[in-house]
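*Asks:* Quick note: the sequence shown, position 64, residue 216 per our numbering, numbers continuous. What follows is a single structure, and I will ask about it in a moment.
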Amino acid sequence: MLERPVLSDEKIIACLRDEYGLKVAKIVFLPLGADMNTAVFRADADDSTPYFVKLRSGHFDAIAVDVPKFLFDQGISQIIAPMPTRSGQLSARLDAFNLILYPFVEGQSGWEKNLSDQDWIVFGRALKAIHATILAPTLATRISQETYSPYWRELVRQFQTQVEAETFADPVAADLAMLLKAKQSEINHLIKRAEDLGAVLRGQRSQFVLCHSDIHVGNILMNNSSDDLYIVDWDQPLLAPKERDLMFIGAGIDGRGEYAEHDERLFYEGYGQTAVDPVALAYYRYERIVQDIAAYCQQLLLTDEGGEDRREGLRQITSQFQPGAVIDIAYRTEKRLPPELQSKL
153 MLERPVLSDE
163 KIIACLRDEY
173 GLKVAKIVFL
183 PLGADMNTAV
193 FRADADDSTP
203 YFVKLRSGHF
213 DAIAVDVPKF
223 LFDQGISQII
233 APMPTRSGQL
243 SARLDAFNLI
253 LYPFVEGQSG
263 WEKNLSDQDW
273 IVFGRALKAI
283 HATILAPTLA
293 TRISQETYSP
303 YWRELVRQFQ
313 TQVEAETFAD
323 PVAADLAMLL
333 KAKQSEINHL
343 IKRAEDLGAV
353 LRGQRSQFVL
363 CHSDIHVGNI
373 LMNNSSDDLY
383 IVDWDQPLLA
393 PKERDLMFIG
403 AGIDGRGEYA
413 EHDERLFYEG
423 YGQTAVDPVA
433 LAYYRYERIV
443 QDIAAYCQQL
453 LLTDEGGEDR
463 REGLRQITSQ
473 FQPGAVIDIA
483 YRTEKRLPPE
493 LQSKL
């Protein structure tokens with residue numbers, strides 16, 4: 153969230169005191185991230201110890217804090233575990249928000265700073281450890297499983313119908329409507345490819361592992377004072393084929409499409425040799441693009457709220473259609489499919 157939510161410092165400080173026993177001397181809003189439902193702050197305690205405060209509005213599932221805590225307890229050092237409240241909970245309620253407290257790591261995300269060669273290797277090792285994790289049964293049953301749902305595809309079709317029928321006074325919404333109309337044929341193609349590949353995957357048996365499900369480089373945090381990196385923002389963990397996460401490596405979502413082969417080589421040096429299903433990889437790259445289109449339509453067409461987040465959202469969805477960006481990379485991924493399958497699509 154780029155603009156601060158309507159919530160006073162005093163309320164946040166009081167919550168930290170009452171729920172965590174933390175005496176805060178100063179709190180500062182951090183304009184980070186594209187998620188309009190998440191606001192983050194730095195809180196400095198009386199003893200100058202810094203903490204990272206995350207406020208999450210809307211639906212909140214405790215699995216988003218329980219999974220990283222479990223992984224941290226398994227010894228995966230690239231995880232930052234949420235801190236418990238006085239009563240042992242991993243979050244606290246504050247008005248319309250769920251508040252989550254973490255140790256503060258002074259660092260930069262992969263949006264702000266390119267991962268080094270060693271970072272890519274460490275990232276690969278960490279993700280392999282996550283995918284190999286054996287979950288406690290009581291935790292595993294609470295994590296959603298992949299169903300190859302048509303939800304996002306149907307939602308995009310609804311927005312395509314909406315922009316044909318409505319006019320928008322808000323300039324950002326109007327620009328997005330123009331983009332959807334101009335790219336209608338290409339968007340329809342993306343939806344069709346995701347549908348066809350999803351149908352193939354539903355008909356085959358795949359091994360499901362614990363996936364982060366949104367593991368682009370913006371969710372990689374690199375420590376400024378050490379070589380450590382962390383995988384953050386576990387809002388939607390998923391049991392799915394490993395390609396659900398692997399599709400992000402070299403997909404161009406980080407704006408590094410021209411370095412895709414370089415990044416993939418280093419990542420897999422850390423992850424290790426593995427058989428990657430080209431059908432699943434292509435499906436997830438198409439489906440992610442469709443999901444992004446739907447999410448930005450929700451953000452920009454259903455409300456005029458959001459301030460600077462709106463203009464940034466429009467910039468991000470527009471960039472996906474640029475030459476060499478995520479859509480072009482998805483097309484190239486499809487070309488890796490077996491010829492007999494390509495002929496049926």
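Don't be surprised by glycine CBs; every beta carbon is placed ideally from N, CA and C. Here the structure is a predicted model, which is why all the values come from computation and not from measurement.
1) Can you tell which of 219, 334, 438 and 450 has the C-alpha that lies nearest to the C-alpha of residue 307?
2) How many angstroms separate the CA atom of residue 175 from the CA atom of residue 422?
3) So, helix, strand or coil for residue 454, using DSSP?
4) Whole-angstrom Cβ separation of residue 256 and residue 203, contact assumed at under 8 Å?
5) Whose CA, out of 195, 384, 405 and 338, lies closest to the CA of residue 228?
6) Where do the ends of the alpha helix (DSSP H) carrying residue 259 lie?
7) Can you find the residues in the same chain that come closer than 7 Å, C-beta to C-beta, to residue 223, ignoring five residues on each side of it along the sequence?
8) Looking at the structure shown, is residue 426 part of a helix, part of a strand, or coil, going by DSSP?
9) My output table needs one value for residue 300: the three-state DSSP class, helix, strand or coil.
10) Quick one: what's got a C-beta closer than 7 Å to residue 353's C-beta in the same chain, skipping five residues either side?
11) Pairs of beta-carbons, one from the region 361 to 371 and one from the region 380 to 398, closer than 8 Å: are there three or more?
12) Per the DSSP calculation, residue 340 is bridged to which residue(s)?
13) Might you give, ordered along the chain, the residues of its own chain that have their beta carbon closer than 7 Å to the beta carbon of residue 161, omitting 5 neighbours on each side?
14) Suppose you measure from the CA of residue 323 to the CA of residue 337; what does that come to, to the nearest Å?
15) Under three-state DSSP, which class holds residue 330?
16) Is it right to say residue 335 is buried, meaning 16 or more other beta carbons lie within 10 angstroms of its own, or is it exposed?
17) Which value, in whole angstroms, describes the spacing of the CA atoms of residue 268 and residue 404?
18) Tell me, which residues are paired with residue 449 by DSSP?
19) Provide the residue(s) that pair with residue 362 in DSSP beta bridges, ordered along the chain.
20) Return the Cβ separation of residue 332 and residue 312 in integer angstroms, given the expectation that the two are a contact with Cβ distance under 8 Å.
21) For residue 245, count neighbouring Cβ atoms within 10 angstroms of its own Cβ and tell me buried if that reaches 16, exposed if not.
22) List the whole-angstrom C-beta distance separating residue 155 from residue 461, where the pair is believed to meet the contact cut-off of C-beta under 8 Å.
23) Pull up the distance between the alpha-carbon of residue 371 and that of residue 318, whole angstroms please.
*Replies:* Quick answer:
1) By one-based count along the sequence shown, residue 307 stands at place 155. Measuring from the Cα of residue 307, the nearest candidate turns out to be 450.
2) Position 23 of the sequence shown, counting from 1, holds the residue named residue 175. Position 270 of the sequence shown, counting from 1, holds the residue named residue 422. Going from the Cα of residue 175 to the Cα of residue 422 covers about 41 Å.
3) Here residue 454 corresponds to residue number 302 of the sequence shown, with the count starting at 1. DSSP places residue 454 in coil when its eight states are reduced to three.
4) In the sequence shown, residue 256 corresponds to position 104, counting from 1. In the sequence shown, residue 203 corresponds to position 51, counting from 1. Contact holds; Cβ gap of about 5 Å.
5) Taking the sequence shown and counting its residues from 1, one reaches residue 228 at position 76. The shortest C-alpha separation from residue 228 is found at 384.
6) Numbered from 1 along the sequence shown, position 107 holds the residue referred to as residue 259. Note, residue 259: premise wrong, no alpha helix (DSSP H); beta strand (DSSP E) at 259 to 261.
7) Counted from its first residue, the sequence shown places residue 223 at position 71. These residues qualify, in order along the chain: 231, 282 and 285.
8) Start at 1 with the first residue of the sequence shown, and residue 426 comes out as number 274. Looking at residue 426 - three-state DSSP - the assignment turns out to be coil, as it is neither helix nor strand.
9) Indexing the sequence shown from 1 puts residue 300 at position 148. In the structure shown, residue 300 sits in coil (DSSP, three-state: anything other than H, G, I, E or B).
10) Taking the first residue of the sequence shown as 1, we reach residue 353 at position 201. Taken in chain order, the residues that qualify are 300, 431, 432 and 435.
11) yes
12) Position 188 of the sequence shown holds residue 340. Paired residues: none, contrary to the question.
13) The residue labelled residue 161 in the question sits at position 9 within the sequence shown. Taken in chain order, the residues that qualify are 179.
14) The count along the sequence shown starts at 1 and reaches residue 323 at position 171. The count along the sequence shown starts at 1 and reaches residue 337 at position 185. Going from the Cα of residue 323 to the Cα of residue 337 covers about 23 Å.
15) The sequence position of residue 330 within the sequence shown is 178, counting from 1. DSSP places residue 330 in helix when its eight states are reduced to three.
16) Against the sequence shown, residue 335 aligns to sequence position 183. So residue 335 counts as buried.
17) As a working note, residue 268 is residue 116 in the sequence shown. As a working note, residue 404 is residue 252 in the sequence shown. Approximately 17 Å, taken between the alpha carbons.
18) One-based indexing of the sequence shown puts residue 449 at position 297. Paired residue(s): none; residue 449 is not in a bridge.
19) Here residue 362 refers to the residue found at position 210 when the sequence shown is read from its first residue. Residue 362 pairs with 391.
20) Indexing the sequence shown from 1 puts residue 332 at position 180. Indexing the sequence shown from 1 puts residue 312 at position 160. About 6 Å; that satisfies the 8 Å criterion.
21) Residue 245 sits at position 93 when you count from the first residue of the sequence shown. Exposed, because fewer than 16 other Cβ atoms sit within 10 Å of the Cβ of residue 245.
22) For the purposes of this step, residue 155 is taken as the residue at position 3 of the sequence shown. For the purposes of this step, residue 461 is taken as the residue at position 309 of the sequence shown. Correct: roughly 6 Å between the Cβ atoms.
23) By 1-based counting over the sequence shown, the position of residue 371 is 219. By 1-based counting over the sequence shown, the position of residue 318 is 166. Looking at the two C-alpha atoms, the distance is approximately 36 Å.
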